[in-house]
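First comes the structure, then the notes that go with it.
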Amino acid sequence: MSVKIFGKGTKVARLRRHARLRKRISGTSERPRLVVSRSNRHMVAQIVDDTKGITLVSASTLTSDFAGFTGTKTEAATKVGELIAAKAKEAGITAVVFDRGGNKYHGRVAAVAEGARQGGLAL
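For the sequence shown, the numbering used here puts the final residue at 129, and the numbers step up evenly by one.
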């Protein structure tokens, strides 16, 4: 399936990059996909089984785990990575395929990946 995305701007460029990435990256039940979504304020990480089309585990800065959290956005992203790794271990997931969502592997996106690795998840 190919998706045509027209227009200019940084958001459209990110969507184009994500569509290109998704041609090559897909999650299976043995090795699901770790999807990272980033906004200016929050980070969301989900582990998705693309063969069934379901979300297996998710973690976010919007959850109650972050109530009272004081720290930088990068520290919060690292904590999201550690949380997703802990929840994945409970669900029996040890290895994932990393989907950066069209964002650069830098800053908060890389911090989620590092936190997941620190939590014992193989990327």
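All C-beta atoms in this analysis are idealised placements derived from N, C-alpha and C, irrespective of residue type, glycine included.
The structure displayed is predicted, hence computed values, not measured ones.
Fill in: Helix, strand or coil at Arg47 according to DSSP, with G and I counted as helix
coil
Worksheet entry | Contact under 9 Å by Cβ, Thr113 with Glu88 | In the sequence as presented, Thr is not what sits at residue 113; that position holds Gly. For Gly113 and Glu88, no; Cβs fall outside 9 Å.
Practice prompt. Could you round the C-beta distance between Ala51 and Val41 to whole angstroms and report it? I think they count as a contact, below 8 Å.
Written response: 7 Å
Worksheet item: What residue ranges within the segment 12-100 form continuous alpha helix (DSSP H) runs of no fewer than 4 residues, ordered along the chain?
Response: Whole alpha helix (DSSP H) segments, 4+ residues: 16-30, 79-97.
Worksheet item: Would you report the Cα separation of Arg44 and Phe75, rounded to the nearest angstrom?
Response: The alpha-carbon separation between Arg44 and Phe75 amounts to approximately 18 Å.
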